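Contents: one structure, followed by commentary.
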Amino acid sequence: MLIDTPGMRELQLWDASEGIDQAFGEIAELAVSCKFRDCKHVNEPGCAVRAAVESGALDTERLESFHKLGLEEKFVAAKQDAAVRAEQTRL
């Protein structure tokens, strides 16, 4: 959903893990074949996603976008967690 609000300076992800998996379904399907369950698809041995990039079956930019959104999601989650901790400390 996109809302045009005057004065809004930024948009952030909010609990987007499920949406990222849906948007990058081909990466999720390839990840099932990775050697390690916790593969980050960066430089781990036996990574099916990296193998698909190297063979040309998966576009490099697609994987880069996947990584970028994953980092943004982690940043927002950490930010939210810090806000929750701060609120609990005040009580």
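In our numbering, the protein residues as written are 1157 to 1247. Glycine included, C-beta positions come from ideal geometry on N, C-alpha and C. Everything numeric in this text was worked out from a predicted model, so none of it was measured.
Between Asp-1237 and Gly-1175, the alpha-carbon positions lie close to 20 Å from each other. Minimum Cα-Cα distance from Phe-1192 among the listed residues Gly-1202, Val-1232, Gly-1181, Ala-1184 corresponds to Gly-1202.
Contact between Ile-1183 and Phe-1231 fails: their C-beta atoms lie close to 20 Å from each other, not under 8 Å. Less than 7 Å separates the beta-carbon of Val-1205 from that of Ala-1187. Following the DSSP letters along the chain, one finds Arg-1206 inside the alpha helix (DSSP H) bounded by residues 1204-1211.
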